[in-house]
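To keep things clear, I will list the structure first and then write my remarks on it.
In full-length UniProt numbering, the protein residues as written are 1 to 370.
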């Protein structure tokens, strides 16, 4: 009976052989020997292959493949790879051990952005040659998250971010029960030379335009702009929209900061307006003082020269003859006028025919200006 079930497992696959070959070549075949001997590590690679299968093969209308769970998918892989067939009888135990380990070991890494915040650095591994992702890795026991991220980035790119990390600036996501936290590091020159320090792990480090990365599984932008299939960025997809949002927020902050710096001009204008306003206030006070002096002088003239004609008014004469009750109106002083009258009225009197029907209210104008 057991033999019969084994034959059924060996002969019936819901996944075509050519697709299994492709998945295994992407995620299993190129693993280092030490990883191939570790079933937990193999399960992590099978998980990546499972995501890829669901995201791209099951959504392709030309293949019409049915989705499946991780256990069924792992059974296909274990049976398809000769070195794993001996463990297929203990598959449930292997998967349980992997899940237990997975939930306790998060991954940390970094999102490296250029000086313009338009490009992001992605790495390509030897064991997933057709895929690009962020430099990241699993945390060691008692290792702080930011230190793990620094270590993994240094190992995979040769670039030290330990002095650049902001411990509060990161994007974190839970992807299939595993925590992935990526610290965001900006302002890195695209001329930086990246040299991985580990052998047979990272094949390439390249800058990619953020605008050209796929925002969803059906986004063909990378194919059109870069000639790269969107399938190659399936490990980047969960972070693309949040990276763009982060960049947009930083650009907005820079714009606000620039406006704040230019507020100095506004302050100068405010101070200038304040100075002008103070000058107007001083002029009003001076005008009021002069008005009081005029009133005092007028009273004095009235007392000492009570026999003067009514037309010799002590205020400015800006009126027409019909408004002045005298028959001796003249724009100039008569020759027979007393000398003291000329002296007194030279300061207060101003008459001219061109000012007919016009009244100049200086106080009202000053009030409007203030």
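Note that beta-carbon positions come from the ideal geometry of N, C-alpha and C, so glycine has one too.
Under the three-state reduction of DSSP output, residue 65 falls in the coil class, being neither helix nor strand.
Apart from sequence neighbours up to five positions away, the residues of its chain that approach residue 135 with a beta-carbon distance below 7 angstroms are 109, 110, 123, 152, 153, 156 and 157, ordered along the chain. Residue 225 has its alpha-carbon roughly 39 angstroms from the corresponding atom of residue 140. For residue 174, the enclosing beta strand (DSSP E) has its first and last residue at 170–175. Just measuring C-alpha positions, the residue of 90, 98, 189 and 107 sitting nearest residue 150 is 107. Burial is judged here by how many other beta carbons sit within 10 angstroms of a residue's own beta carbon; residue 235 has at least 16 and is buried.
Beyond the five residues adjoining it in sequence on each side, residue 177 comes within less than 7 angstroms, by CB distance, of 102 and 103 in the same chain, given in chain order. Ranked by how close their Cα comes to the Cα of residue 54, the residues 195, 197 and 69 have 69 in first place.
Classified as buried, residue 114 has 16 or more neighbouring CB atoms from the shown chains inside 10 Å of its CB. The three-state secondary structure of residue 164, taken from DSSP, is coil. Around residue 170, the same chain offers 181, 182, 183 and 184 as residues with beta carbons nearer than 7 angstroms, after the five sequence neighbours per side are excluded.
Here residue 56 carries a helix assignment [DSSP, helix/strand/coil].
Taking C-alpha positions only, residue 204 is separated from residue 190 by approximately 15 angstroms. Distance from the CA atom of residue 228 to the CA atom of residue 221, rounded to whole angstroms, is 9 angstroms. Excluding five sequence positions before and after residue 20, the CB atoms of its chain that fall closer than 8 angstroms to its own CB belong to 13, 76, 77 and 80, given in chain order. In chain order, 98 place their CB closer than 6 angstroms to the CB of residue 43, counting only its own chain and leaving out the 5 sequence neighbours on each side. In the three-state reduction of the DSSP assignment, residue 181 falls in the strand class. With contacts defined as CB atoms closer than 8 angstroms, residue 217 and residue 230 qualify as a contacting pair. In terms of Cα proximity to residue 32, the closest of 233, 242 and 201 is 201. Distances from the alpha-carbon of residue 15 to those of 241, 194 and 57 put 57 closest.
When the Cα atoms are used, residue 247 and residue 148 turn out to be separated by approximately 24 angstroms.
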